[in-house]
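Chemist:
Chains as they are written, first to last, in our numbering: chain A, 1 to 95; chain B, 96 to 203.
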């Protein structure tokens, strides 16, 4: 069962790399924000898997809960920031 | 034995949903359409994987393990409220900044 958890964690890391592509090469700032949000939501599950592999779930579940909260607050704060500052444009069309 | 099978099926469902979400984030043509897999499939993936892990945690039943499983279900509850809020907020920022949605005749 631990091997299956390890394999799931590795698969999640590959999915995080896919989302990181959108975070790096995204045409707008909001695309990068979407990529970061997707990485954060995968990290919650990855933290729980790490807790099961190490046998300390009772500790890691609190960290995962705090990380989910932090991810939500970060995305909310960044998008409220772009309400005020209208500096969004398509980087591919500027060139 | 049967609980392991159920846990493996739930985790595999979650991984499939995460795979679809990551593929949609890469392949979709537009920012607004990229939010569609990012908002829904990640939430569903978290729900399946976390409920599978909470079920596996109750393998040997104690009250502490029950408390930890309830905390995992609390993560699911929180994500089901926070993910639509974050998605709505990002879309609102895009609309206010004046990003036009992708139309059919543009090549992207």
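Yeah, the Cβ is synthetic: ideal placement off N, Cα and C, and Gly gets one too.
Taking its Cβ as the centre, do 16 or more other Cβ atoms sit within 10 Å of residue 126 (chain B), making it buried, or is it exposed?
Modeler: Here residue 126 (chain B) refers to the residue found at position 31 of the second chain. So residue 126 (chain B) counts as buried.
Chemist: Should residue 182 (chain B) go down as buried or exposed, given a rule of 16 or more other Cβ atoms within 10 Å for buried?
Modeler: Within the second chain, numbered from 1, the residue matching residue 182 (chain B) stands at position 87. That one is buried.
Chemist: In chain order, what residues of the same chain lie with their CB nearer than 7 Å to the CB of residue 31 (chain A), ignoring the 5 residues before and after it?
Modeler: Indexing the first chain from 1 puts residue 31 (chain A) at position 31. The residues are 22.
Chemist: Quick one, which of B:128, B:149, B:136 has its alpha-carbon nearest residue 15 (chain A)'s?
Modeler: Residue mapping note: residue 15 (chain A) aligns to position 15 of the first chain, counting from 1. Checking every option, the nearest Cα to that of residue 15 (chain A) belongs to B:136.
Chemist: If you measure from the beta carbon of residue 112 (chain B) to each beta carbon in chain A, is any gap under 8 Å?
Modeler: Within the second chain, residue 112 (chain B) is the residue found at index 17, counting from 1. No, because no Cβ of chain A sits closer than 8 Å to the Cβ of residue 112 (chain B).
Chemist: From residue 168 (chain B) to residue 133 (chain B), what distance separates their C-alpha atoms?
Modeler: The count along the second chain starts at 1 and reaches residue 168 (chain B) at position 73. The count along the second chain starts at 1 and reaches residue 133 (chain B) at position 38. The straight-line gap from Cα to Cα measures roughly 21 Å.
Chemist: So residue 261 (chain B) is in the alpha helix (DSSP H); what residue range does that whole segment cover?
Modeler: The structure shown does not extend to residue 261 (chain B), since chain B spans only 96 to 203, so no value can be given for it.
Chemist: I'd like to know if residue 96 (chain B) contacts chain A, where contact means its C-beta is closer than 8 Å to some C-beta of that chain.
Modeler: Here residue 96 (chain B) refers to the residue found at position 1 of the second chain. Not an interface residue.
Chemist: Give a yes or no on whether the C-beta atoms belonging to residue 131 (chain B) and residue 119 (chain B) are separated by under 8 Å.
Modeler: Residue 131 (chain B) sits at position 36 when you count from the first residue of the second chain. Residue 119 (chain B) sits at position 24 when you count from the first residue of the second chain. A contact, by the Cβ cut-off of 8 Å.
Chemist: Counting contacts by CB-CB distance shorter than 8 Å, is residue 200 (chain B) in contact with chain A?
Modeler: Here residue 200 (chain B) corresponds to residue number 105 of the second chain, with the count starting at 1. Closer than 8 Å: no.
Chemist: Just the chain A side, please: which residues come within less than 7 Å of residue 146 (chain B) by C-beta, in chain order?
Modeler: By 1-based counting over the second chain, the position of residue 146 (chain B) is 51. None at all; the shortest Cβ gap to chain A is about 11 Å.
Chemist: Is there contact here, the stretch 61-71 of chain A with the stretch 35-48 of chain A, by at least three beta-carbon pairs under 8 Å?
Modeler: Short answer: they touch.
Chemist: Since residue 43 (chain A) meets chain B, which of its residues come closer than 7 Å, beta carbon to beta carbon?
Modeler: Working through the first chain from its first residue, we reach residue 43 (chain A) at position 43. Correct list: empty, because the minimum Cβ distance to chain B is about 10 Å.
Chemist: Can you tell me which of the three DSSP states residue 125 (chain B) falls into?
Modeler: Position 30 of the second chain, counted from the first residue, corresponds to residue 125 (chain B). Note: residue 125 (chain B) maps to coil in three-state DSSP.
Chemist: Do residue 39 (chain A) and residue 6 (chain A) count as a contact pair if the criterion is CB distance below 8 Å?
Modeler: For the purposes of this step, residue 6 (chain A) is identified with residue 6 of the first chain, where counting begins at 1. For the purposes of this step, residue 39 (chain A) is identified with residue 39 of the first chain, where counting begins at 1. No, the pair does not count as a contact, with Cβ atoms beyond the cut-off.
Chemist: Taking a cut of 7 Å between CB atoms, which residues from the stretch 17-43 of chain A lie near chain B?
Modeler: So the list reads 18, 19, 21, 22, 28, 30, 31, 33, 34, 35, 37, 38, 41, 42, given in the order they occur along the chain.
Chemist: Would you mind sorting residue 199 (chain B) into buried or exposed? The rule is 16 or more other CB atoms within 10 Å of its CB.
Modeler: Translated into the one-based positions of the second chain, residue 199 (chain B) becomes position 104. Per the 10 Å Cβ criterion, exposed.
Chemist: What residues from chain B crowd round residue 64 (chain A), counting only those whose CB sits closer than 9 Å?
Modeler: Taking the first residue of the first chain as position 1, residue 64 (chain A) is located at position 64. Here the neighbours are 145, 166, 167, 170.
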